[in-house]
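Participant: Have a look at this one.
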Amino acid sequence: MIDEEIKQIIQENKDTLANIDKRIGRIEKNFIWSSIFGFIKIVIIVAPIVFGIIYFTPFLKDLNKLGIIT
């Protein structure tokens, strides 16, 4: 009688652990994709700013020499 109860409890624990393992796997996948898209989002925001600074600095210096920008 006690052995059957212990076997049932062990089986329930195995099922619960398998369910938790599946959930953790999904959470890990979500974390990885969140990290990847977070990096892409930062690149999309920062890259045009850096490109603009590099590209427009000589242009603005030329405009300043012409007296258009003071």
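Residue numbering for the sequence shown is 1 to 70, as defined by UniProt numbering.
Heads up, the beta-carbon is just placed ideally off N, CA and C, and yes, glycines get one too.
#1: Any idea what DSSP makes of I20, helix, strand or coil?
#2: Might you give, ordered along the chain, the residues of its own chain that have their beta carbon closer than 8 Å to the beta carbon of residue 84, omitting 5 neighbours on each side?
#3: Check G67 in the structure and name its three-state DSSP category.
Facilitator: Straight from the coordinates:
#1: helix
#2: Limits of the chain in this structure are 1 at one end and 70 at the other, which puts residue 84 out of reach.
#3: coil
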